[in-house]
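**Student:**
Put into structure tokens, the structure is as follows:
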């Protein structure tokens, strides 16, 4: 038992890994492997044990589905050659098969524009917790993983060092063959899936997280305990809180939501979960930003999470905008805010504003400032010495000598800080010192020095002039006075390396931002959080939310979301049927939990919001004053077809499967592309326009992307275009949205278009114009949300036929000819013959 516990600690999620190791290729390909073992997750629970265990089997099945999905694209997977492997000292068959592995180094090159790329000689860059296949062939199909001379072998990456040195746990002993010349066969490492998130969930469900806190989880087992009850002892000063928002530019529903969260936070008598319902365009992220700003001012230790990196970055950016506007001294005050995560995946280098609060960046700065000999103290002493006697310091520089030790003694008693709340004064003086130093730099630049790079002052006269200016300048004297007032040391621990600094930053931050999955790292931090805020909570599997919900000290959770938009993605049909993708937000709503509604939308033109408001929100959402202004009614193309809202009937399309078994419709591709071409031409006249193209099917997304990519490549900064799936566009918005529904068949089959959540997302992304492309006959043949949409468009006189527009008719004709569908044009009902006199005569004769 003792050894097992050590291994579990050494390899988090070992039991889940062992499940994966037990699967043969046949098992992986079996979609029904766990069908009889996965039960539907209930809506209520009798205990925390029942609650957690109900997610375990679906999690194993979803891991299985992830692996199966990766197998389908195995031929496209990157790879690396294994140069060497050897068992570690703790190698103990049959289960603990630990190896050290050395991979062939990647050959990286840099392009002229500074971008890095990797040659085809191995492109796999390993990460910890990758599941990899080890094989003697580069597989072109799944069968190559289990040939007659090698059985299916997978390994789990425990540690990565310098991109090519790995420590792994293997499912089976790694064997190899040698030829007559003692040459070993080539082995390859092929990445399959990364198990980080699933392992973190597994550990949360199996009580393996440090400092597990079950208070909130116990309260969400049954609905009557989860909802905050009015606590008179903690809500007496709500009027005082309300006055704080009287001058803010939030609408009334947003203010009420923030106020209710702050009142909940003050309660020490109960643990609660609060739901803030944010339909599309109602300013959910803006509301979260102001709430967090208020919590920062109240010094409430808060963790803010979201399902994805992008969502975390957006809410952190919103908070940062609020904070920086209130800062008096540059970025001083941001030390209470920390954003952490995988910088590469976050693309943090592209988010310059967030670098000030990004943990890795802050650690690098503090490491140089507090640990390096060239840090704060050394720089301060050096500058003081330079200003006191510039000639001596310059002579030392010319003779390539280091600064003498006794110069430091001059400033030994510079600033014996009285620990009486002088931080603000210190920061003020730091900024003042910088201003003085910049002024000195300006003075120095006025000198006539032959060598502008200051390698050497060319004459004694110029040295004398430099000394005279430095000594006589009042700027120098004031700068010296300020510099001498600054402390050489700060009241922080004596750091030795970056992990200590990282731990210190996390333990002392007031607001912390990360993904829900990454919050697992905070369980090792010796600190307690009061409040948890989860943005986009309805897009999160409930089992994943158990990771932050168990943080030590946590008393309340506030969930922002909208269960009427898309939930978390689930790959396994078995898991989907078990409600594995359902969020805690949605389950509590199903049980009647109260939601605070943000009910004013500021995104969509009223003609766009009309249908989704009626169909999905029972007309509870009001249009904000901004979208009702005449200026919001923008026309980017001429003609009624291109008003704020229209359904454009593309009657001659044909749905077809591509190689990946996803649907596309080349005629709708042609129509979408023609509209984009017109928008591009008009962008010169209408100035800036952002266009989004949405489709439920990946094949259609790829086809449209290929068709319109030339417009993205153009240097016209007034025009931008984004083509994504409906799922990929959740949370996004653009000036103009073109939606391609794709479906065009005789039977009226619309597939997952009938999903109300997906339809809701698709119809609520546009600000000024929403143009929907679809086949009227297909979409109205059977009862669905799309039949209602077409009927509604006709009633509102927003229904148009694509072939009634000359440019679209021409694009349709060209596309039909290019794709050998010319016979469609010869149909008597086609648009070519619709208005011809001879067709009218034939009917007359008939």
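In the numbering used here, the protein residues as written are 4 to 849. For glycine and all other residues, C-beta sits at the position ideal for the given N, C-alpha and C. The structure displayed is predicted, hence computed values, not measured ones.
(1) At the level of alpha carbons, what is the spacing between residue 19 and residue 546?
(2) In chain order, what residues of the same chain lie with their CB nearer than 6 angstroms to the CB of residue 703, ignoring the 5 residues before and after it?
(3) Pull up the distance between the alpha-carbon of residue 639 and that of residue 308, whole angstroms please.
(4) Given this structure, state the Cα-to-Cα distance separating residue 635 from residue 799, to the nearest angstrom.
(5) On the three-state DSSP scale, how would you describe residue 349?
(6) In or out: residue 781 buried (at least 16 other Cβ within 10 Å) or exposed?
(7) Excluding the 5 residues preceding and the 5 following residue 735 in the sequence, name in chain order all residues of the same chain whose CB lies nearer than 8 angstroms to its CB.
(8) With 16 other CB atoms within 10 Å as the buried threshold, where does residue 343 fall?
(9) On the CB-based measure, 16 or more other CB atoms within 10 Å of its CB, does residue 808 come out buried or exposed?
(10) Taking the beta strand (DSSP E) that residue 769 falls in, what are its first and last residues?
(11) Quick one: residues in its chain with C-beta nearer than 7 angstroms to the C-beta of residue 609, no 5 flanking neighbours on either side, listed in chain order?
(12) Is residue 281 closer than 7 angstroms to residue 325 when the C-beta atoms are compared?
(13) Using CA atoms only, rank isn't needed, just tell me which of 348, 79, 97, 73 is closest to residue 25.
(14) Go ahead and pull the three-state DSSP assignment for residue 645.
(15) Identify whether residue 695 lies in helix, strand or coil by the three-state DSSP scheme.
(16) Pull up the DSSP beta-bridge partners for residue 737, would you.
(17) Three-state secondary structure (DSSP) at residue 103?
(18) If I measure Cβ to Cβ from residue 260 and keep anything under 7 angstroms in the same chain, skipping five residues before and after, which residues do I get?
(19) Starting from residue 725, trace the alpha helix (DSSP H) in both directions and tell me its first and last residue.
(20) Determine the extent of the beta strand (DSSP E) in which residue 223 is found, giving its start and end residues.
(21) For residue 90, write down the residues that DSSP places opposite it in a beta bridge.
(22) Give a yes or no on contact between the region 746-765 and the region 680-691, applying the rule of three or more CB pairs nearer than 8 angstroms.
(23) Shortest alpha-carbon distance to residue 737 belongs to which of 692, 712, 793?
(24) If contacts are defined as beta-carbon pairs under 8 angstroms, then residue 711 and residue 676 qualify, I think. What distance do you get, rounded to the angstrom?
(25) Just the C-alpha distance for residue 105 and residue 137, rounded to the nearest angstrom, thanks.
(26) Would DSSP call residue 703 helix, strand or coil?
(27) Taking only the alpha-carbon atoms, compute the straight-line gap between residue 82 and residue 157 and give it to the nearest angstrom.
(28) Ignore the nearest five residues each way along the sequence and tell me which others in residue 764's own chain have a CB closer than 6 angstroms to its CB.
(29) What residue range is occupied by the uninterrupted beta strand (DSSP E) comprising residue 22?
(30) What does DSSP give as the partner residues of residue 626 in its beta bridges?
(31) Among residues of its own chain, excluding the 5 on either side of residue 2, which ones have a beta-carbon nearer than 7 angstroms to its beta-carbon?
(32) Decide if the region 578-589 is in contact with the region 533-551; the criterion is three or more beta carbon pairs, one per stretch, under 8 angstroms apart.
(33) If you follow the alpha helix (DSSP H) that residue 620 is in, where does it begin and where does it stop?
(34) If you draw a straight line from the alpha carbon of residue 483 to that of residue 390, how long is it in whole angstroms?
(35) How should residue 361 be labelled, buried or exposed, when 16 other C-beta atoms within 10 angstroms of its C-beta is the threshold for buried?
(36) The beta strand (DSSP E) with residue 664 in it runs from where to where?
**Tutor:** In short, the structure shows the following:
(1) When rounded, the distance between both Cα atoms is 15 angstroms.
(2) Short of 6 angstroms from the beta carbon of residue 703, and not among the five residues preceding or following it, lie these beta carbons of its own chain, in chain order: 667, 743, 745.
(3) Looking at the two C-alpha atoms, the distance is approximately 38 angstroms.
(4) Their Cα atoms are separated by approximately 20 angstroms.
(5) Of the three classes helix, strand and coil, the one that applies to residue 349 here is helix, per DSSP.
(6) Note on residue 781: 16 or more other CB atoms within 10 angstroms of its CB, so buried under the neighbour-count rule.
(7) So the list reads 695, 725, 727, 768, once near-sequence residues are dropped.
(8) Counting every other CB atom within 10 Å of its CB across the protein chains shown gives residue 343 a total of 16 or more, marking it as buried.
(9) That one is buried.
(10) First-last of the beta strand (DSSP E) with residue 769: 769-777.
(11) The beta carbon of residue 609 sits closer than 7 angstroms to the beta carbons of 626, 630, 631 from its chain, once the five residues preceding and following it are set aside; these are given in chain order.
(12) The Cβ atoms of residue 325 and residue 281 lie no closer than 7 angstroms to each other.
(13) The shortest C-alpha separation from residue 25 is found at 97.
(14) If DSSP states are grouped into helix, strand and coil, residue 645 belongs with the helices.
(15) Of the three classes helix, strand and coil, the one that applies to residue 695 here is strand, per DSSP.
(16) For residue 737, which the question treats as bridged, DSSP gives the partners 769.
(17) If DSSP states are grouped into helix, strand and coil, residue 103 belongs with the strands.
(18) Answer for residue 260: 279, 290, 599, 601, listed in chain order.
(19) That residue, residue 725, is in no alpha helix (DSSP H); its beta strand (DSSP E) goes 722-728.
(20) First-last for residue 223: undefined, no H or E at that position.
(21) Answer is 102.
(22) The region 746-765 is not in contact with the region 680-691.
(23) Per the Cα distances, 692.
(24) Confirmed, Cβ separation roughly 6 angstroms.
(25) Their backbone Cα atoms lie some 13 angstroms apart in a straight line.
(26) The three-state secondary structure of residue 703, taken from DSSP, is helix.
(27) Spanning the two alpha carbons is a distance of roughly 14 angstroms.
(28) 568, 569, 729, 733, listed in sequence order.
(29) No beta strand (DSSP E) contains residue 22, which is instead part of the alpha helix (DSSP H) from 17-24.
(30) 604, per the DSSP bridge assignment.
(31) Lying before the first or after the last residue shown, residue 2 is absent from the chain, which here runs from 4 to 849.
(32) In the pairwise beta carbon analysis, the region 578-589 is classified as touching the region 533-551: at least three pairs are separated by under 8 angstroms.
(33) Where residue 620 is concerned, there is no enclosing alpha helix (DSSP H), given that its DSSP letter is neither H nor E.
(34) Rounded to the nearest angstrom, the two C-alpha atoms are 7 angstroms apart.
(35) That one is buried.
(36) For residue 664, no beta strand (DSSP E) segment is defined, and its DSSP state is neither H nor E.
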